[in-house]
Amino acid sequence: MKKMSSAEVRQMFLDFFKSKGHTIEPSASLIPKNDPTLLWINSGVATLKKYFDGEVIPKNPRLVSAQKSIRTNDIENVGRTARHQTFFEMLGNFSVGDYFKKEAIAWAWELLTSPDWFGFDPEKLFITVYPKDDDAYEIWRQQGIKADHIFKNEDNFWDIGVGPSGPDSEIFYDRGQENNDVAENDPENYPGGENARYLEIWNIVFSQFNHLPDGRFVDQPHKNIDTGMGLERIVSVIQDAPTNFETDLFLPIIRATEKISQQKNYNDNQADDVAFKIIADHARAVTFAIGDGAIPSNEGRGYVLRRLIRRAVLNGGKLGIRQAFLYKLVPVVGKIMQSYYPEILEQQDFIQKVIRTEEERFADTLSDGLELLNQEIDQVKKSGSSVLSGQAAFRLFDTYGFPYELTVESAQEHGLSVDKAGFATEMEKQKERARQAQGHQQSMSMQNQLLMSIKTASQFIGYDCYSSDQCILKNIISDNQAVDQLDSGAAQLIFDQTPFYAEMGGQVADVGIIKDTNGNVVAEVEDVQHAPNGQNLHFVNVKAPIKLNERYCLEIDVTFRQKVRRNHTATHLLDQALRNVLGPHTHQAGSLVEPDYLRFDFTSLEKVTDQQLAQIEQIVNEQIWKEIPVQTIETDLESAKKMGAIALFDNKYGDQVRVVKISDFSLELCGGTHVANTAEIGLFKITNETSTGAGVRRITAVTSQEAWQYYEQQVAILNSVQDQLKVAQVKEIPNKVEQLNAELKATQKQLENLQTQLVQKQASNILDQVEQIGSWQLTAAITPVKNMKELRQIADDWKNQGKSDILILGAKNGAKANLLVAANQKAIAAGLTAGTLIKQIAPEIDGGGGGRDQLAQAGGKNPAGLQAALQLAKKLLQKA
């Protein structure tokens, strides 16, 4: 076996399959594009779904990739096992309807065992196959593999429910009995069993069936190959590392953490080793996730990211690290991965800023969480229990990022245990909520054999012309059936050439009409999408009979197209203006180009200020007023990149690309339609800026006629305000508004003073009403005040006057009810606290609440229960 670095292993895998005619697919962003079924890209095949389900036919059916991935479903195992990671790379080779079992197996064996490649000892490799897959078994035997090195296993079948499925073969490496954790005669001591001796290094899926909704398995029209080899695992074998963490993918991070700690060393203590491993894994995950545009937040992938950072920080604390440190590991991660992922070091400053900000924010949150934990522990002790509830432990975990283990340790220090079952129940509820939010979208669709089989050549000619009467109708699809003619109804059409733009890159499709040779309208084009083999697929409503191989005139709606292209070019100007104002780390996160407006999503940690928006608007309009020619350059992808053209990280580009150049201001890869000169845009106006999720902002804008109409509407509103304020000129409006605001504030202050005086008068009457209930002096009343703030004002007067031991106040606020309880030091010393008492009486108003020993409050939905709450309190005091 050759000794290689992780970078060399990755490159050798890619080079091997490139030599077998595979196209190397670049590693896609960790943030899925147009895939609501995934929170993160979690495998190599996840980025190739459109090829495997037949939505798109790749130019080369043989593909290979090293794909960065994140999985967090078993995050608790990270650091505690040898192989679990949240972030990992999946090496994979793929065949989309091309080669199948014979080639996939032969090439896998060649790569692993040939001296020219990995050079594994064949005796150390073992294979598992699906028992009914005789073909795979025989092909493995043809490679010279002994029968006792091939095991049949019922688990070797890949199935996601409805959609593609099929048998698979797994390849295991024998690490020797000295690495085993089960006895020699243990029934799990075999490749595929639960043991540490046989390490799975590669899985080859033979995707040959469609799993139908009725449960049947039928042959797929195109059989596919999908393989997965974890880079971290194969490197651990090649570098003879006990676990993945002793490889060159992790050790530099661990060593850097040792230097930051200055107290702990790796391999000195098992508990410390777990902390080192968690930090190393999470440092990789958050670095790459932020580099791809994810931002910490309280939901979705942002929540996962926040949880990873907080787990790393807490484990840093176990190593004696008390200051922000995780951000310091970003350049270490970047250097390790530089050969294949240079963008990490290029974005280093931004990634570090995000992580450090989150670390510092967590330091404040951690302090609040510890205070809450201590309060919970005190409550448990006072109640006489010895168990901290699972709900409380989960609240600490969910809100403050406290790992369950930390809560357990803190509880144990006070002689308490934690309700583990209750915690697990709350965790399962959260997972179910996540599943409900994600919905039931199908992970991968079934192949459409008809569309996949259409190979008709079709040329888009719409960059330069808006109509053509030389378009030959090549395909008619009605009700998913190919037909030769159609009289009426919905259909999809493919022509040998078309001026209609198919939706792509955020730009909506053209609309228009189709005429026959006599000039009669035979169909209306409502949408245009790309067929699997790349043709423009026209979705039409047929009005008159159409036939195959007839010539038709295709005409787009010119006004519609002109509006769209103005907005598309404006989108390019906006993209660059955002980079100029907010910084080069800002990048596009999505766009929509409609005829009436444009929408642009971009990454940003903070809301764009009004001043920044004004600056962005000014920059875009300056480019419009300069009347800059818009150039389109057709070239190859590598040349475009050398020119400095911006490419979206999650877009797939062919060998030939279009580069849209706007002087020296903007240079982007784009297949859309654009104006010939920026002057055609006329005017640009931002109408809205808002958040669409963690770290992603959205700008909506209009151009040309719509921009002018927007300004007209604003002027009309100003004129209306001018009339209402009775000022002579529009420019006087701000001063008039400022004057009215000052008068309003003065009036509000007067009203508050009057309300305070009224409350004090009411309080004086209420506080004189003292009852003797058992051993306690009680002041209790249902007050005429409107809110909790006024109840607290009465409580302040009660505290100062000291006329009774307990104060209980109720108030009606529409359909809601408020309760307040206060206790003096005499009552508290006797165990009669405000917090305990309010929890007992709040159910009478169908509510709940809590607070401190001195003061507690509650809200409820049953005002009619206020009197019952006061009566219950008196009964409780009588017994106290």
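Under the numbering used here, the first residue of the sequence shown carries the number 349, and numbering increases by one thereafter. Glycine included, every Cβ here is placed at the ideal spot set by N, Cα and C.
* Could you check if residue 819 is buried or exposed, using at least 16 other CB atoms within 10 Å of its CB as the buried criterion? => In the assembly as shown, residue 819 is a buried residue. Its beta-carbon has 16 or more other beta-carbons within 10 Å.
* **Nearest-angstrom Cα separation, counted from residue 484 out to residue 411** => C-alpha of residue 411 to C-alpha of residue 484: approximately 21 Å in a straight line.
* Does the segment 841 to 857 come close enough to the segment 875 to 887 to have 3 or more Cβ pairs within less than 8 Å? -> Yes, since at least three Cβ pairs between the segment 841 to 857 and the segment 875 to 887 fall closer than 8 Å, the two stretches touch.
* To do: Starting from residue 437, follow its DSSP beta bridges and name the residues at the other end.
  => Answer is 416.
* To do: Starting from residue 936, trace the beta strand (DSSP E) both ways and give me its first and last residue.
  => From DSSP, the beta strand (DSSP E) with residue 936 extends over 936 to 941.
* Run of the alpha helix (DSSP H) containing residue 986, from where it starts to where it stops -> 985 to 991
* Asked: For the 8 Å Cβ check, are there 3 or more pairs between the segment 669 to 676 and the segment 704 to 719?
  -> yes
* **Euclidean distance between Cα positions of residue 924 and residue 1082** => 34 Å
* To do: Label residue 790 either buried or exposed according to how many other C-beta atoms from any shown protein chain fall within 10 Å of its C-beta, with 16 as the threshold for buried.
  => In this predicted model, residue 790 has a pLDDT of only 45, less than 50, meaning its place in the structure is not dependable enough to derive any value.
* Asked: Leaving out the 5 sequence neighbours to the left and right, which residues in its chain are closer than 7 Å to residue 697 when beta-carbon positions are compared?
  -> none
* Asked: Is residue 1034 near residue 1049, with beta carbons less than 7 Å apart?
  -> yes
* To do: Label residue 1095 either buried or exposed according to how many other C-beta atoms from any shown protein chain fall within 10 Å of its C-beta, with 16 as the threshold for buried.
  => exposed
* Asked: DSSP on residue 501, reduced to helix/strand/coil?
  -> For residue 501, the three-state secondary structure derived from DSSP is coil.
* Uninterrupted beta strand (DSSP E) stretches inside the segment 807 to 859 (no shorter than 3 residues) -> 815 to 826, 829 to 831, 837 to 843
* Whose CA, out of 480, 474, 513, lies closest to the CA of residue 498? -> 474
* May I ask you to list the residues that DSSP assigns as paired with residue 1154? => 1126, 1171
* residue 1155 versus residue 1191: straight-line alpha-carbon distance, rounded -> 18 Å
* By Cβ distance below 8 Å, which residues in the same chain neighbour residue 809 in space, the five residues on each side in sequence not counted? -> 816, 845, 846, 847
* To do: Please classify residue 1164: does DSSP put it in a helix, a strand, or coil?
  => strand
* To do: Could you work out which residue in 861, 430, 1013 is closest to residue 583 when comparing CA atoms only?
  => Here the closest residue by C-alpha is 430.
* To do: Kindly provide the ranges of any beta strand (DSSP E) runs that are 3 or more residues long and lie completely inside the segment 1043 to 1129, ordered along the chain.
  => Secondary structure in the segment 1043 to 1129: the beta strand (DSSP E) runs of 3 residues or longer, each lying completely within the stretch, are 1044 to 1051, 1118 to 1121 in chain order.
* Asked: Where does residue 1178 land, buried or exposed, given buried means 16+ other C-beta within 10 angstroms?
  -> exposed
* To do: Would you tell me roughly how many angstroms separate the C-alpha atoms of residue 650 and residue 644, rounded to the nearest one?
  => 4 Å
* Bridge partner(s) assigned by DSSP for residue 877 -> 885
* To do: Along the beta strand (DSSP E) that carries residue 1032, what are the first and last residues, could you check?
  => Unbroken beta strand (DSSP E) run through residue 1032: 1032 to 1041.
* To do: Compare the C-alpha of residue 327 against each of 1196, 1226, 1200 and name the closest.
  => Residue 327 lies beyond the range of the chain shown here (349 to 1228); nothing can be said about it.
* Asked: Which stretch, first to last residue, makes up the beta strand (DSSP E) that contains residue 1008?
  -> First-last of the beta strand (DSSP E) with residue 1008: 1004 to 1010.
* Test item: CB-CB of residue 627 and residue 660 under 7 Å -> yes
* Taking 7 Å as the cut-off, decide whether the C-beta atoms of residue 443 and residue 549 are in contact. => no
* Asked: DSSP three-state call for residue 916: helix, strand or coil?
  -> helix
* **residue 977 in three-state terms, based on DSSP** => strand
* Asked: What three-state label does DSSP hand residue 1159 in the structure shown?
  -> Residue 1159: strand per DSSP, three-state reduction.
* Integer Cβ distance of residue 1011 from residue 1030, believed to fall under 8 Å -> With 8 Å as the limit, residue 1011 and residue 1030 do not qualify as a contact, their Cβ atoms being about 18 Å apart.
* Compare the C-alpha of residue 1129 against each of 1158, 890, 824, 554 and name the closest. => 1158
* Asked: If we ignore side chains and look at the alpha-carbon of each, how far apart do residue 641 and residue 458 end up?
  -> 39 Å
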